[in-house]
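Visitor:
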Amino acid sequence: MVAQRFRTRFAPSPTGYLHVGGLRTALYNYLFVKKMKGDFVLRIEDTDRSRRVEGAQQNLLKTLEWAGIVPDESPERGGDFGPYIQSERLDIYKKYCDELLEGKYAYYCFATSEELEENRQLQLKQGLQPKYNRKWLPEEMGGSMPSSEIRKKMEQGAPYVIRMKVPDYVSVWFEDIIRGPVEFDSSTIDDQVLMKSDGFPTYHFASVIDDHLMEFTHIIRGEEWLPSMPKHLLLYEFFGWEPPRFAHLPLLLNPDRSKLSKRQGDVAVEDYIQKGYSAEAIINFVAMLGWNEGEGTEQEVYSLEQLVERFSLERVGKAGAIFNVDKLNWLEKQYIKNRSADRIIQAIKPLLIGELEKRPTEMPESVITSDSYLEQVIDLMRERVGFEHEFVTFSPYFFFDPETYEEEGVRKRWTADTNTLLREFVTILASLEVFSAEAIELELKAFVAPRGLKAAALIHPLRILCSGVSFGPSLYHMLEVLGKDAVIRRISRGIETVVCVA
């Protein structure tokens, strides 16, 4: 007997950028099936033509590839179960819809939108849950509409939809991998539209057909789809198909436990990419939105390979998962701390070159764009930045002479004697044969001690003149990286400028 190959899918609609919730769904499907050595499939569900956004499919694919979630089968890669775009499968849906009509599991409905809304409002006034009133359910299916009236409408070319007939007072039950047994009463379920008047299937119908034909063993999706389960299970029953296993993931919540929404912050993965978050941090963060490895495990930083090895649906919780950006920021910093200098250089060098094209610098460009110089900057700033781009944007003084000086720092650190002391000390710096952090520190301490001063009397002014700001990494190491020429130039120029400010 051949063991069944596990198959999962991510089936987004091309309606815009990928939502972080969608990324989590894709990731959990990927992690689960890759652990089982199975296939991860990307299917595009574009049957709602009114919501389709041009270029959205390409954005989805690009984001998944950026995250390292590469499908085994997709519209681009192909596979044995295509087409993988639902709008290219319309003949398939029509075939199976015809089967339901013949089996009297579905029926034509000619109700207008005005009639449907009128019926809905009436039911609401009566305190009832809005449902289709089955006006067009034919007599042979237990309804009151004569077949002759239905034929007449068809001959007139009247627009129609096709609805499934939900059996009355039936218990619909399934075992959710995450939530355990879940039961529904069919009396609460509407006669779902299967085929719309434009000839396109609804999500509910197309997804069931495709999930069966593409032989998916597990459907892992968001909790918001849980109310649709009875409709889907009934369709499997109508066709006589064995349904796959289902797992419904917990909602994503804001820190105040409200549902994550665009009104309260960024929800598109693209937003976080543009801010500079890395794929590793995003994937690590999203993986933990509902899943944890279990008690006794303190690990919080995982590679994608480690997640594949350790992930299990049994460790996914039912309760809503809090989307805490502070945690994401912490993870990003952990990755930066441990990322190789070579990789960071590859990321920041194009950014630096772009900045150099916008503004002139007195620093030698061949030096400040060299790998050796950038590696020194990275070593010095690694603990202080939150994103790779901040190696350039957070500390521009490594690449450009300061054009202004922090006024608050000047007011706080300058005295009447500061510029005189700086003029004397800059001559000492100029005479150093070895311009190292150790040599600079020794000379500074030797300079202030006989004058009865503390090192801070020069440390803070030197920092402001050489960087423009009153905060940063170790002053001595910063000066060493900048080099003697830049330091002497900046101090000499700054003394003259700050006299006017102080």
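Letter 29 of the sequence shown, counting from 1, is numbered 28 in numbering that gives the first Met the number 0, and no numbers are missing. C-beta: ideal position from N, C-alpha, C; glycine also.
Since residue 430 and residue 479 are thought to touch, with beta carbons under 8 Å apart, how far apart are those beta carbons, to the nearest angstrom?
Guide: What you label residue 430 is simply residue 431 of the sequence shown in a count that begins at 1. What you label residue 479 is simply residue 480 of the sequence shown in a count that begins at 1. In fact, because the Cβ distance is near 16 Å, the residues do not count as touching under 8 Å.
Visitor: For the stretch 32-96, which segments carrying the alpha helix (DSSP H) assignment without a break, of at least 4 residues, lie completely within its bounds, in sequence order?
Guide: 55-66
Visitor: Residue 449 to residue 408, Cα distance in whole Å?
Guide: Along the sequence shown, read from residue 1 onward, the residue named residue 449 stands at position 450. Along the sequence shown, read from residue 1 onward, the residue named residue 408 stands at position 409. Looking at the two C-alpha atoms, the distance is approximately 25 Å.
Visitor: Measuring straight from C-alpha to C-alpha, what distance separates residue 424 and residue 391?
Guide: What you label residue 424 is simply residue 425 of the sequence shown in a count that begins at 1. What you label residue 391 is simply residue 392 of the sequence shown in a count that begins at 1. Distance between the alpha carbons of residue 424 and residue 391: 29 Å.
Visitor: Which term fits residue 111, buried or exposed, when burial requires 16 or more other beta carbons within 10 angstroms of its beta carbon?
Guide: Here residue 111 is taken as the residue at index 112 of the sequence shown, counted from 1. Counting C-beta atoms within 10 angstroms of its own C-beta, residue 111 has fewer than 16 neighbours from the protein chains shown and is therefore classed as exposed.
Visitor: Assuming residue 248 and residue 289 make a contact with CB atoms under 8 Å, what is their CB distance in whole Å?
Guide: Along the sequence shown, one-based indexing puts residue 248 at 249. Along the sequence shown, one-based indexing puts residue 289 at 290. With 8 Å as the limit, residue 248 and residue 289 qualify as a contact, their Cβ atoms being about 6 Å apart.
Visitor: Contact defined as beta carbons within less than 8 Å: I believe residue 244 pairs with residue 216. What is the distance between those atoms, to the nearest angstrom?
Guide: To locate residue 244, count along the sequence shown from 1; it is residue 245. To locate residue 216, count along the sequence shown from 1; it is residue 217. Confirmed, about 7 Å.
Visitor: Whose C-beta lies closer than 7 Å to the C-beta of residue 84 among residues of the same chain, with five residues either side of it excluded?
Guide: The count along the sequence shown starts at 1 and reaches residue 84 at position 85. Cβ within range, chain order: 43, 45, 74.
Visitor: Assuming residue 31 and residue 373 make a contact with CB atoms under 8 Å, what is their CB distance in whole Å?
Guide: What you label residue 31 is simply residue 32 of the sequence shown in a count that begins at 1. What you label residue 373 is simply residue 374 of the sequence shown in a count that begins at 1. Contact doesn't hold; Cβ gap of about 40 Å is too wide.
Visitor: Just the Cα atoms here: how many angstroms apart are residue 185 and residue 227?
Guide: Mapped onto the sequence shown, residue 185 falls at position 186. Mapped onto the sequence shown, residue 227 falls at position 228. Going by the C-alpha atoms only, they are around 12 Å apart.
Visitor: Output the distance between the C-alpha atoms of residue 37 and residue 350, rounded to the nearest integer angstrom.
Guide: For the purposes of this step, residue 37 is taken as the residue at position 38 of the sequence shown. For the purposes of this step, residue 350 is taken as the residue at position 351 of the sequence shown. So the two alpha carbons sit approximately 40 Å from each other.
Visitor: Bridge partners of residue 218, per DSSP?
Guide: As a working note, residue 218 is residue 219 in the sequence shown. Beta-bridge pairing links residue 218 to 245.
Visitor: Please report the Cβ distance between residue 503 and residue 17, rounded to the nearest whole angstrom; I am assuming they are in contact, meaning their Cβ atoms lie under 8 Å.
Guide: Absent from the structure is residue 503, since the part of the chain shown begins at 0 and ends at 501.
Visitor: With C-beta atoms as the reference, is residue 65 less than 8 Å away from residue 108?
Guide: Mapped onto the sequence shown, residue 65 falls at position 66. Mapped onto the sequence shown, residue 108 falls at position 109. No; because the gap between Cβ atoms is not below 8 Å, this pair is not in contact.
Visitor: Nearest to residue 201 by alpha carbon, out of 452, 280, 220, 93?
Guide: Stepping through the sequence shown from its first residue, residue 201 is reached at position 202. Here the closest residue by C-alpha is 93.
Visitor: Return helix, strand or coil for residue 170, following the three-state DSSP convention.
Guide: Within the sequence shown, the letter at position 171 stands for residue 170. DSSP places residue 170 within a strand segment (E or B) once states are collapsed to three.
Visitor: According to the neighbour-count rule (16 or more other Cβ atoms, all chains shown, within 10 Å of its Cβ), is residue 499 buried or exposed?
Guide: Working through the sequence shown from its first residue, we reach residue 499 at position 500. Here the model assigns residue 499 a pLDDT of 47, short of 50, so the residue's position is not dependable and the matter cannot be decided.
Visitor: Does the distance from the C-beta atom of residue 465 to that of residue 404 stay below 8 Å?
Guide: On the sequence shown, position 466 is the one that residue 465 refers to. On the sequence shown, position 405 is the one that residue 404 refers to. No; because the gap between Cβ atoms is not below 8 Å, this pair is not in contact.
Visitor: Can you list, in chain order, the residues of its chain whose CB lies under 7 Å from that of residue 365, leaving out five sequence neighbours each side?
Guide: Working through the sequence shown from its first residue, we reach residue 365 at position 366. Excluding sequence neighbours, residue 365 sits near nothing in its chain.
Visitor: Restricting to Cα atoms, I'd like to know which of 223, 285, 15, 225 is closest to residue 49.
Guide: Reading the sequence shown from its first residue, position 50 is the one you call residue 49. When only C-alpha atoms are compared, the closest one is 15.
Visitor: Which parts of the stretch 390-452 are runs of the alpha helix (DSSP H), unbroken and 4 residues or longer, counting only runs that do not cross its ends?
Guide: 406-412, 417-430, 436-447
Visitor: I'd like to know if the stretch 314-332 and the stretch 267-282 are in contact, where contact means that at least 3 CB-CB pairs between them fall below 8 Å.
Guide: Per the Cβ contact rule, the stretch 314-332 is in contact with the stretch 267-282 (3 or more Cβ pairs under 8 Å).
Visitor: In angstroms with no decimal places, state the Cα-to-Cα distance between residue 169 and residue 234.
Guide: Start at 1 with the first residue of the sequence shown, and residue 169 comes out as number 170. Start at 1 with the first residue of the sequence shown, and residue 234 comes out as number 235. Those two C-alpha atoms are separated by around 14 Å.
Visitor: Below 7 Å, is the gap between the Cβ of residue 319 and the nearest heavy atom of the ligand HEM?
Guide: Ligands displayed in this structure: none; no statement on the ligand HEM is therefore possible.
Visitor: Between residue 458 and residue 336, what straight-line distance do the alpha-carbon atoms span, to the nearest angstrom?
Guide: As a first step, residue 458 must be located in the sequence shown, where it is residue number 459. As a first step, residue 336 must be located in the sequence shown, where it is residue number 337. About 27 Å.
Visitor: Who are the near neighbours of residue 444 in its chain, counting only those whose CB is closer than 8 Å to its CB and skipping five residues on each side?
Guide: On the sequence shown, position 445 is the one that residue 444 refers to. Contacts found: 454.
Visitor: Once DSSP output is grouped into helix, strand and coil, what is the label at residue 240?
Guide: Your numbering for residue 240 matches position 241 in the sequence shown. Reduced to three states, the DSSP call for residue 240 is coil.
Visitor: Around the Cβ of residue 287, are there at least 16 other Cβ atoms within 10 angstroms (buried) or fewer (exposed)?
Guide: Within the sequence shown, numbered from 1, the residue matching residue 287 stands at position 288. Within a 10 Å sphere around the beta-carbon of residue 287 sit 16 or more other beta-carbons, which makes this residue buried.
Visitor: When DSSP labels each residue in this structure, what does residue 250 get in the three-state scheme?
Guide: The residue labelled residue 250 in the question sits at position 251 within the sequence shown. Residue state, collapsed to three classes: coil.
Visitor: In this structure, does DSSP put residue 182 in helix, strand or coil?
Guide: To locate residue 182, count along the sequence shown from 1; it is residue 183. Reduced to three states, the DSSP call for residue 182 is strand.
Visitor: When you compare only the Cα positions, how much space is there between residue 398 and residue 362?
Guide: The count along the sequence shown starts at 1 and reaches residue 398 at position 399. The count along the sequence shown starts at 1 and reaches residue 362 at position 363. Rounded to whole angstroms, residue 398 to residue 362 spans 6 Å at the Cα level.
Visitor: Alpha carbon to alpha carbon, how far is residue 165 from residue 199?
Guide: For the purposes of this step, residue 165 is identified with residue 166 of the sequence shown, where counting begins at 1. For the purposes of this step, residue 199 is identified with residue 200 of the sequence shown, where counting begins at 1. So the alpha carbons of these two residues sit roughly 21 Å apart.
Visitor: Given residue 482, which residues of its chain have a CB within under 7 Å of its CB, disregarding the five upstream and five downstream residues?
Guide: Translated into positions along the sequence shown, residue 482 becomes position 483. Taken in chain order, the residues that qualify are 434.
Visitor: According to the Cβ coordinates, are residue 512 and residue 25 closer than 8 Å?
Guide: Lying before the first or after the last residue shown, residue 512 is absent from the chain, which here runs from 0 to 501.
Visitor: Looking only at its chain, what residues have a beta carbon closer than 6 Å to the beta carbon of residue 301, apart from the 5 residues adjacent to it on each side?
Guide: Taking the first residue of the sequence shown as position 1, residue 301 is located at position 302. Hits under 6 Å: 283.
Visitor: Thinking just about the alpha-carbon of each residue, which of 88, 229, 393 is nearest to the one in residue 470?
Guide: The sequence position of residue 470 within the sequence shown is 471, counting from 1. Among 88, 229, 393, the Cα nearest to that of residue 470 is on 393.
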